[in-house]
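Everything below concerns the one structure shown next.
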Ligand SMILES: [Zn+2]
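In our numbering, the protein residues as written are 3 to 272.
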């Protein structure tokens, strides 16, 4: 009886069972006509960005910020910016600012970029605000909670990139409409901007496969999109080191980090 050829699967970090799951995920993606990834804090942790929630989260260690942040900003935007720029800001914001300044995309981000480039991934919806997906080179990207390195007009939605610049005073009114300008990041109590929610919803409505990567699927309304996709018949694939609320809905639940799983998935898809 001939010995079957040994598959070259090229992952030093995944065990044989996990590599079987990678093959299962490849099968699901190959059968799908439109695959969308939704990424959460887990993928950014591997770039050194602390999560907000969870045991070692920024809010767990520094305290949860007020739930009416957006209302406070609207009431006194100049005061809000002055507090930000004069050092009178929350310790969790300082820690996040430092982490964002130093963060770089990792192998998991670049694997998603390559999956998009070879045509097996149609878009990414990220819940992260760090801009690492854009930095890595993703093209069809929806940043559902905004991007910390951009400013946005609350009236017309016009966005401007700050790059590495940390604003030292309240930004001028919007060039386009004269409206109030804030960080693009969605604050507590602030609705997801209409254009962003519509773009995310359009991606989910198109998807027959959704890869949920590094997300605990607890933050609404972003996580609700996963349930909408599943209810509409999309196959859900979970890539996360621990069990989540999404696990019972998932066709495959691969217990690995994005940095471990995505390069192996890219390799198997290439
Ligand atoms: Zn405007």
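For each residue, glycine too, the CB sits at the ideal point set by N, CA and C.
I'd like to confirm something about residue i: is its beta-carbon nearer than 7 Å to some heavy atom of ligand 1, or not?
{"i": "residue 178", "result": "yes"}
{"i": "residue 29", "result": "no"}
{"i": "residue 240", "result": "no"}
{"i": "residue 181", "result": "yes"}
{"i": "residue 157", "result": "yes"}
{"i": "residue 160", "result": "yes"}
What is the DSSP secondary structure of residue i, reduced to helix, strand or coil?
{"i": "residue 75", "result": "helix"}
{"i": "residue 248", "result": "coil"}
{"i": "residue 97", "result": "helix"}
{"i": "residue 214", "result": "strand"}
{"i": "residue 255", "result": "strand"}
{"i": "residue 38", "result": "strand"}
{"i": "residue 154", "result": "strand"}
{"i": "residue 131", "result": "coil"}
{"i": "residue 143", "result": "strand"}
{"i": "residue 11", "result": "Interpretation of residue 11 is limited by its pLDDT of 47, a score under 50 that renders its predicted location unreliable; the figure taken from the coordinates is listed afterwards. Three-state DSSP puts residue 11 in coil, outside helix and strand."}
{"i": "residue 55", "result": "coil"}
{"i": "residue 118", "result": "helix"}
{"i": "residue 33", "result": "helix"}
{"i": "residue 203", "result": "helix"}
{"i": "residue 208", "result": "helix"}
{"i": "residue 45", "result": "helix"}
Taking the alpha-carbon positions, what's the residue i to residue j distance?
{"i": "residue 70", "j": "residue 76", "result": "10 Å"}
{"i": "residue 158", "j": "residue 223", "result": "22 Å"}
{"i": "residue 31", "j": "residue 239", "result": "10 Å"}
{"i": "residue 12", "j": "residue 260", "result": "Annotation note: pLDDT 49 at residue 12 (below 50); position unreliable, no value reported."}
{"i": "residue 105", "j": "residue 217", "result": "19 Å"}
{"i": "residue 83", "j": "residue 183", "result": "10 Å"}
{"i": "residue 78", "j": "residue 65", "result": "23 Å"}
{"i": "residue 175", "j": "residue 162", "result": "12 Å"}
{"i": "residue 186", "j": "residue 168", "result": "13 Å"}
{"i": "residue 166", "j": "residue 138", "result": "16 Å"}
{"i": "residue 181", "j": "residue 18", "result": "56 Å"}
{"i": "residue 172", "j": "residue 49", "result": "29 Å"}
{"i": "residue 29", "j": "residue 196", "result": "35 Å"}
{"i": "residue 119", "j": "residue 256", "result": "23 Å"}
{"i": "residue 81", "j": "residue 92", "result": "14 Å"}
{"i": "residue 54", "j": "residue 210", "result": "30 Å"}
If you measure between the beta carbons of residue i and residue j, is that distance less than 8 Å?
{"i": "residue 192", "j": "residue 36", "result": "no"}
{"i": "residue 215", "j": "residue 231", "result": "no"}
{"i": "residue 198", "j": "residue 38", "result": "no"}
{"i": "residue 148", "j": "residue 188", "result": "yes"}
{"i": "residue 123", "j": "residue 135", "result": "no"}
{"i": "residue 102", "j": "residue 154", "result": "no"}
{"i": "residue 68", "j": "residue 60", "result": "no"}
{"i": "residue 132", "j": "residue 46", "result": "yes"}
{"i": "residue 246", "j": "residue 263", "result": "no"}
{"i": "residue 258", "j": "residue 74", "result": "no"}
{"i": "residue 227", "j": "residue 40", "result": "yes"}
{"i": "residue 265", "j": "residue 109", "result": "yes"}
{"i": "residue 140", "j": "residue 156", "result": "no"}
{"i": "residue 16", "j": "residue 87", "result": "no"}
{"i": "residue 44", "j": "residue 129", "result": "no"}
Using a Cβ cut-off of 8 Å (strictly closer), state whether residue i contacts chain C.
{"i": "residue 18", "result": "Among the chains in the structure shown there is no chain C, since it carries only a single protein chain."}
At a cut of 8 Å, does the segment 242-260 reach the segment 90-102 through at least three beta carbon pairs? Contact between the segment 242-260 and the segment 90-102 is absent, because fewer than three Cβ pairs lie under 8 Å.
Take every Cβ of the segment 264-272, pair it with every Cβ of the segment 19-29, and state whether three or more of those distances are shorter than 8 Å. Yes, the segment 264-272 touches the segment 19-29.
If we count Cβ pairs, one from each stretch, closer than 8 Å, do we get three or more for the segment 222-237 versus the segment 196-206? Contact between the segment 222-237 and the segment 196-206 is present: 3 or more CB-CB pairs across the two stretches fall below 8 Å.
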